[in-house]
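Below is one structure; the comments refer to it alone.
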Amino acid sequence: IADRIVKFANSLVGHVRGGLGMSNVLGCTIFGGVAGSPLADVSAIGSVMIPLMKKEGYDADYAVNVTTHAALVGAIMPTSHNLIIFTLATSGIASVSILGLILAGLVPAIILTLCNLAAAYYVAVKRGYPTHGHFPGWHVVLMAFLAALPGLFVVVIILGGILSGAFTATESASIAVAWALFVTVVVYRSLTWVHFLKACAKACKTTGVVLLLIGISAAFGYFMALYEVPQKTGEMMKMVSSEPWMIFLMINVLLFLLGTFLDMAATILICTPIFLPIAMQFGMDPLQFGILMLINCALGLNTPPVGTVQFVGCAIGEISVGQVMRTIGPFYSALGMTLVAVTYVPSFSLWLPQLLK
Numbered sequence: 010i011a012d013r014i015v016k017f018a019n020s021l022v023g024h025v026r027g028g029l030g031m032s033n034v035l036g037c038t039i040f041g042g043v044a045g046s047p048l049a050d051v052s053a054i055g056s057v058m059i060p061l062m063k064k065e066g067y068d069a070d071y072a073v074n075v076t077t078h079a080a081l082v083g084a085i086m087p088t089s090h091n092l093i094i095f096t097l098a099t100s101g102i103a104s105v106s107i108l109g110l111i112l113a114g115l116v117p118a119i120i121l122t123l124c125n126l127a128a129a130y131y132v133a134v135k136r137g138y139p140t141h142g143h144f145p146g147w148h149v150v151l152m153a154f155l156a157a158l159p160g161l162f163v164v165v166i167i168l169g170g171i172l173s174g175a176f177t178a179t180e181s182a183s184i185a186v187a188w189a190l191f192v193t194v195v196v197y198r199s200l201t202w203v204h205f206l207k208a209c210a211k212a213c214k215t216t217g218v219v220l221l222l223i224g225i226s227a228a229f230g231y232f233m234a235l236y237e238v239p240q241k242t243g244e245m246m247k248m249v250s251s252e253p254w255m256i257f258l259m260i261n262v263l264l265f266l267l268g269t270f271l272d273m274a275a276t277i278l279i280c281t282p283i284f285l286p287i288a289m290q291f292g293m294d295p296l297q298f299g300i301l302m303l304i305n306c307a308l309g310l311n312t313p314p315v316g317t318v319q320f321v322g323c324a325i326g327e328i329s330v331g332q333v334m335r336t337i338g339p340f341y342s343a344l345g346m347t348l349v350a351v352t353y354v355p356s357f358s359l360w361l362p363q364l365l366k
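Numbered by our numbering, the letters in the sequence shown go through residues 10 to 366 in order.
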């Protein structure tokens, strides 16, 4: 599925300056809509694009930065399991529907993709990377799209099924997995028994960890409420400032710092009971807060000392984290602009949910 998505993305934007970087961003975004996981995104697309970009003369740090930052959009795509984790974490605090959260993430995902494309193009021009031929024509684009379509249909199943009321979010995930299995086994004929068993083992491991975290977070949330931690934290923040914009800035900074040390699911489940009541107290909608939290957590995935997404990208690119961090500025700026937009312009995340309510 990843190979065909990369070919489709390359047929669209591969001819512009720094075309492979642009194709990388677009491919990660599209695959993020299928996989819904930044780590899966950088592993699948990165294993194809990073070696190819290095072979074509792109610097390794550029290839890794483009891939790892573009992969982060998977955290807020409709297929992201983190959306479901956040809705579970809000239990007893606010009423958050998974459909509303899915819709809230679509516009920020588009904004983040556009910012990543701009950052990739800016660095490509600054470093003088070449163009790669000419636009191949819409016929080639159409053929590449049709080849990738069976895999892309996963997104249609999830969004179409939920919006039409045909099935719930949980049911849509099961149907999407069944469809992806059908595509890789019957249509593409690329899934072997070895890969299938590895995928099952990884899914069991991930599910077990998440279920354990959910159980722990329920107890954690109970004690947070019992000892009035959100209220006391809010009072401490008010001592610094009573302005909503400053409170939201402090929440962003704290979530980002925690996200650099904790797993994404753990950050969501632990921090939601603390910060969501504070954000709501200062007028932030729970859906807006959910997307804000996921973007901060995603940024943490690409920041040492833990930075799992960045470490995977560096391993594929055979480059040190230090070398990548020295040139990360434009890509951090892209994510930062998206975070600022989501934090201080509520309509970016709330327009679609309100439109389709």
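The beta carbon of each residue, even a glycine, is placed where N, CA and C say it ideally should be.
Since this is a predicted model, take the numbers as computed values, not measurements.
Backbone secondary structure at residue i - three-state DSSP
i      : result
GLU237 : coil
PRO87  : coil
ARG13  : helix
GLY31  : Looking at the sequence shown, residue 31 is not Gly but Met. MET31 falls in the helix class under three-state DSSP.
ALA210 : helix
PHE176 : coil
SER251 : coil
PHE205 : helix
THR38  : helix
ASN305 : helix
ASN19  : helix
PRO313 : coil
LEU271 : coil
VAL186 : helix
VAL25  : coil
Beta-carbon proximity of residue i to residue j, cut-off 7 Å
i      : j      : result
PHE357 : VAL351 : yes
ARG26  : THR201 : no
GLY322 : VAL73  : yes
THR77  : VAL318 : yes
HIS256 : PHE291 : According to the sequence shown, residue 256 is Ile rather than His. Yes, the Cβ-Cβ distance between ILE256 and PHE291 is below 7 Å.
ILE283 : THR242 : yes
ALA185 : ILE166 : yes
GLY137 : MET86  : no
ILE14  : ALA118 : no
LEU296 : GLY109 : yes
GLY170 : PHE162 : no
PHE40  : ALA11  : yes
HIS148 : HIS24  : no
LEU264 : MET302 : yes
THR269 : CYS306 : no
PRO313 : VAL333 : no
GLY114 : ILE300 : yes
ILE102 : LEU285 : yes
LEU267 : LEU112 : no
ILE287 : ALA69  : no
VAL192 : PRO159 : yes
THR281 : ALA98  : yes
ALA187 : LYS16  : no
THR96  : VAL105 : yes
Residue i: first and last residue of the uninterrupted alpha helix (DSSP H) it sits in
i      : result
PHE144 : Here PHE144 belongs to no alpha helix (DSSP H), and DSSP marks it neither H nor E.
LYS64  : 47–64
TYR8   : Residue coverage of the chain in this structure runs from 10 to 366, which leaves residue 8 outside it and unanswerable.
GLY292 : It is not in any alpha helix (DSSP H) - GLY292 carries neither H nor E in the DSSP assignment.
ILE347 : Correcting the residue type first, residue 347 is Thr in the shown sequence and not Ile. Element bounds for THR347: 338–353.
ALA69  : 69–80
GLY331 : 330–334
THR317 : 317–326
PRO362 : 356–364
Expected contact under 8 Å - CB spacing of residue i and residue j to nearest Å
i      : j      : result
LEU35  : GLU65  : Rounded, the Cβ-Cβ distance is 17 Å, inconsistent with contact.
ALA343 : ASN125 : 5 Å
VAL444 : GLY42  : It is not possible to answer for residue 444, since the shown part of the chain is limited to 10 through 366.
VAL150 : LEU21  : 6 Å
GLY326 : ILE59  : 5 Å
PRO47  : LEU308 : About 10 Å; that fails the 8 Å criterion.
PHE340 : ALA128 : 5 Å
ALA274 : ASN19  : In fact, because the Cβ distance is near 33 Å, the residues do not count as touching under 8 Å.
MET248 : MET259 : Actually they are not in contact, since the Cβ atoms of MET248 and MET259 sit about 11 Å apart, beyond 8 Å.
ALA130 : MET31  : The identity of residue 130 in the sequence shown is Tyr, whereas the question assumes Ala. About 7 Å; that satisfies the 8 Å criterion.
Residue i CB to nearest heavy atom of the ligand SAM below 6 Å
i      : result
GLY292 : For the structure depicted, the ligand SAM is absent and the ligand set is empty, with no information on it obtainable.
Completely contained alpha helix (DSSP H) runs for the stretch 98–156, where each covers 4 or more residues: Within the stretch 98–156, the complete alpha helix (DSSP H) runs of at least 4 residues are 107–136.
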